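Asks: Before I ask anything, let me first share the structure, which is written out below as structure tokens.
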Amino acid sequence: MDTVISARDVGRVICQTCGNVALISEVRCPRCAHRLSSRDTLSEQKVWAWLIAGLIAYLPANTYPMLLTTQNFRTSESTIIGGVIDLFEHGSYAVAIIVFVASILIPVGKFVVIGYLAILTRKRHRTDPHRLLRYYEVVEFIGRWSMIDVFVVAILTALVQFDVLASINPGIAAVCFALSVVFTMLAAQSFDSRQIWDRLEDGFRHG
Amino acid sequence: MNPLNARRSSDQQGTYSSLIGCPVCDALYRLPVERSAEPSKCQRCGHRLTYGPSTALTWIVSLSVTNVALLFAVLFLPFLELRAGQFDNAVSVIDVVLGFSTGIMVPLALAVLAFILMLPLCRLLLVLYALTPAVLARRNLPGAQRALAWSFILKPWAMAEIFMLGVAVALVKLADLATISIGAAFWMFVVIVLLNAYQDTLSNRHSLWAALTWTR
């Protein structure tokens, strides 16, 4: 197979929005008018900023109540993990696992993987770029699915509104959790996938 | 499709019009215009660069029209209905959004509205604006390129399919509390999600952009 050369090597830049190949001196893409950058030099800072913001929002999302359930004049609060345990005790194992994966496993996994990618690609590395790209793509694809718990709260709130007899209201954790998901999505989008290949040490070309 | 060769590139300066670049790993390839209708992948990272024939374009536009029509119907039809004893509560998708409409939750209500209705609708309208003239073999409308660019930028923020999974979880949570019947809007939303998924498998950056002829 021929060796692949990068656009930067021949003074070109590829538009991240439309895939157009432009001259490296161009500021905006001549096709879609989007801002061009051969390498996002601020990528690392942006990734960490959004990731830390996401982490800050994620903590109250877990400690404060997600749902306020009023039944027969009594109000009970449930957190994210509390909701998972309730579902498990009800015997709805499949749904309990979906909520557990979407609200706990995916967010925590996202923090770990984005942090790992950002630290690893700071310096020259010898890790298989295809594996790193796989991690990145999984994080980018799966990140949005964490939003499911926020939508569940919205649907329950709208459906169960019978005043003091039975009503469900959203807790403050719903806002925190939604913010955390948005921040970590922005963190994943800030990561410049091109630096996976840029910082690969010579002799570790995997094709 | 061949990777651009560094040694040969010096004598081919100025003939970059047939170049195609991989936005994921920055590899550069030469793709002759006559082969741009064939499917191809980046040899280094496997990112899909082009899809099959341009009939995809017609499909994308017609699916977008269908989805816009369905989305408007969804707004006004009942989505779910909950019955418990003498209580009865039918809600539309709008009611679901308004669940967050008190106090500090208002921004969240707006965000949910955007995620499940507005952004999917915007994406459809942007695609229609950009590609309908191309399908009808007319000249592009002003700003068509910008519109298509934004439809790609908004893609990760349109979460209709995630909302449907949320509905499924909510139904299970309420199953032993009350009787729930599913309204017409629910099934329309399911159709929208499926058609959207099919449309995304047809949409490919290079093929769509090739359809928008452009002059500098």
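Chains as they are written, first to last, in my numbering: chain V, -8 to 198; chain S, 46 to 261.
Where a beta carbon is used, it is the ideal one built from N, C-alpha and C, also for glycine.
Remember, it's a predicted structure, so these values are computed and weren't measured experimentally.
#1: Taking the alpha carbon of Gly106 (chain V) as the point to measure from, which residue in V:Ala178, V:Phe153, V:Ile95 has its own alpha carbon closest?
#2: Let me confirm a value: Gln244 (chain S) is counted as buried when at least 16 other C-beta atoms fall within 10 Å, else exposed. Which label applies?
#3: Apart from the five residues on each side of it in sequence, which residues of its chain come closer than 8 Å, Cβ to Cβ, to Gln62 (chain V)?
#4: Helix, strand or coil, according to DSSP, for Ile65 (chain S) in the structure here?
#5: Take Lys114 (chain V) as the anchor and find which of V:Gly73, V:Ser16, V:Ile187 has the nearest alpha-carbon.
#6: For the candidate residues S:Leu186, S:Cys90, S:Met150, S:Ile237, whose alpha-carbon lies nearest to that of Asn112 (chain S)?
#7: Would a check of beta-carbon distances place Phe153 (chain V) closer than 8 Å to chain S?
#8: Is it the case that the segment 127 to 147 of chain V contacts the segment 8 to 25 of chain V, given that we only count it when at least three CB pairs across the two stretches are under 8 Å?
#9: Measure the C-alpha to C-alpha separation of Arg52 (chain S) and Ser(-3) (chain V) and round it to an integer number of angstroms.
#10: Kindly say whether Phe64 (chain V), judged by its beta-carbon, lies nearer than 8 Å to any beta-carbon of chain S.
#11: I'd like to confirm something about Lys37 (chain V): is its beta-carbon nearer than 7 Å to some heavy atom of the ligand HEM, or not?
#12: Give me the residue from V:Ala93, V:Tyr55, V:Leu50, V:His116 with the minimum Cα distance to Val143 (chain V).
#13: Identify which residue in S:Ser137, S:Met150, S:Leu120 has its Cα closest to the Cα of Leu127 (chain S).
#14: Quick check on Met204 (chain S) - is its C-beta less than 8 Å from some C-beta in chain V?
#15: With a threshold of 8 Å between beta carbons, is Lys218 (chain S) in contact with chain V?
#16: If we ignore side chains and look at the alpha-carbon of each, how far apart do Trp259 (chain S) and Asn11 (chain V) end up?
#17: My parser needs the alpha helix (DSSP H) runs of 4 or more residues fully inside the segment 140 to 191 of chain S; what are they?
#18: Kindly list the residues whose CB is nearer than 8 Å to the CB of Ala164 (chain V), restricted to its own chain and excluding five residues on each side of it in sequence; keep chain order.
#19: Name the chain S residues whose beta carbon is nearer than 7 Å to that of Gln7 (chain V)?
#20: Between which two residues does the beta strand (DSSP E) carrying Ala24 (chain V) extend?
#21: For Asn160 (chain V), write down the residues that DSSP places opposite it in a beta bridge.
#22: Between Arg191 (chain S) and chain V, is there a C-beta pair that is closer than 8 Å?
#23: Taking the alpha-carbon of Leu150 (chain V) as reference, which of S:Leu76, S:Ala215, S:Arg89 has the nearest alpha-carbon?
#24: His250 (chain V) touches chain S at which residues, Cβ-Cβ below 7 Å?
#25: In chain S, what lies closer than 8 Å to Leu78 (chain V) by C-beta?
#26: Please list the segments of the alpha helix (DSSP H) lying wholly inside the segment 92 to 128 of chain V, counting only runs of 4 or more residues, in order along the chain.
Replies: Checking against the coordinates, here is how it stands:
#1: Taking the first sequence and counting its residues from 1, one reaches residue 106 (chain V) at position 115. Of the candidates V:Ala178, V:Phe153, V:Ile95, the one whose C-alpha sits nearest the C-alpha of Gly106 (chain V) is V:Ala178.
#2: Position 199 of the second sequence, counted from the first residue, corresponds to residue 244 (chain S). Under this definition Gln244 (chain S) is a buried residue.
#3: As a working note, residue 62 (chain V) is residue 71 in the first sequence. Within the same chain, Gln62 (chain V) has close Cβ partners Leu156, Ala157.
#4: Along the second sequence, one-based indexing puts residue 65 (chain S) at 20. Residue state, collapsed to three classes: strand.
#5: For the purposes of this step, residue 114 (chain V) is taken as the residue at position 123 of the first sequence. Considering only alpha carbons, the answer is V:Ile187.
#6: Stepping through the second sequence from its first residue, residue 112 (chain S) is reached at position 67. Of the listed residues, the one whose Cα sits closest to Asn112 (chain S) is S:Ile237.
#7: The residue you call residue 153 (chain V) lines up with position 162 of the first sequence. Yes, Phe153 (chain V) lies at the interface with chain S (some Cβ there is under 8 Å from its Cβ).
#8: no
#9: As a first step, residue 52 (chain S) is located in the second sequence; it is residue number 7 there, counting from the start. As a first step, residue -3 (chain V) is located in the first sequence; it is residue number 6 there, counting from the start. Note that Arg52 (chain S) scores a pLDDT of 47, beneath 50, so its modelled location is shaky and nothing firm can be said.
#10: Translated into the one-based positions of the first sequence, residue 64 (chain V) becomes position 73. By this cut-off, Phe64 (chain V) is not an interface position.
#11: The ligand HEM is absent from the structure shown, which contains no ligand whatsoever.
#12: Along the first sequence, read from residue 1 onward, the residue named residue 143 (chain V) stands at position 152. For Val143 (chain V), the nearest C-alpha among the options comes from V:Ala93.
#13: The count along the second sequence starts at 1 and reaches residue 127 (chain S) at position 82. Residue nearest to Leu127 (chain S) within the set S:Ser137, S:Met150, S:Leu120 is S:Ser137 (criterion: CA-CA distance).
#14: For this step, residue 204 (chain S) is matched to residue 159 along the second sequence. Interface residue, yes.
#15: Indexing the second sequence from 1 puts residue 218 (chain S) at position 173. Lys218 (chain S) counts as touching chain V.
#16: Here residue 259 (chain S) refers to the residue found at position 214 when the second sequence is read from its first residue. Here residue 11 (chain V) refers to the residue found at position 20 when the first sequence is read from its first residue. Low confidence applies here, because Trp259 (chain S) scores a pLDDT of 47, under 50, leaving its location unreliable; read the following figure in that light. Approximately 12 Å, taken between the alpha carbons.
#17: The qualifying runs are 151 to 158, 164 to 180.
#18: By 1-based counting over the first sequence, the position of residue 164 (chain V) is 173. Around Ala164 (chain V): Pro51, Ala52, Asn53, Thr54, Tyr55, Pro56, Met57, Thr70, Ile71.
#19: Numbered from its first residue, the first sequence carries residue 7 (chain V) at position 16. Per Cβ cutoff of 7 Å: Pro68.
#20: The count along the first sequence starts at 1 and reaches residue 24 (chain V) at position 33. It is not in any beta strand (DSSP E) - Ala24 (chain V) carries neither H nor E in the DSSP assignment.
#21: Position 169 of the first sequence, counted from the start, is the residue given in the question as residue 160 (chain V). Under DSSP, the beta-bridge partners assigned to Asn160 (chain V) are V:Leu59.
#22: In the second sequence, residue 191 (chain S) corresponds to position 146, counting from 1. Answer yes: the Cβ-Cβ gap between Arg191 (chain S) and chain V drops below 8 Å somewhere.
#23: In the first sequence, residue 150 (chain V) corresponds to position 159, counting from 1. The candidate whose alpha carbon is nearest that of Leu150 (chain V) is S:Ala215.
#24: The structure shown does not extend to residue 250 (chain V), since chain V is modelled only from -8 through 198, so no value can be given for it.
#25: Position 87 of the first sequence holds residue 78 (chain V). Those are Val217, Lys218, listed as they occur along chain S.
#26: 97 to 111
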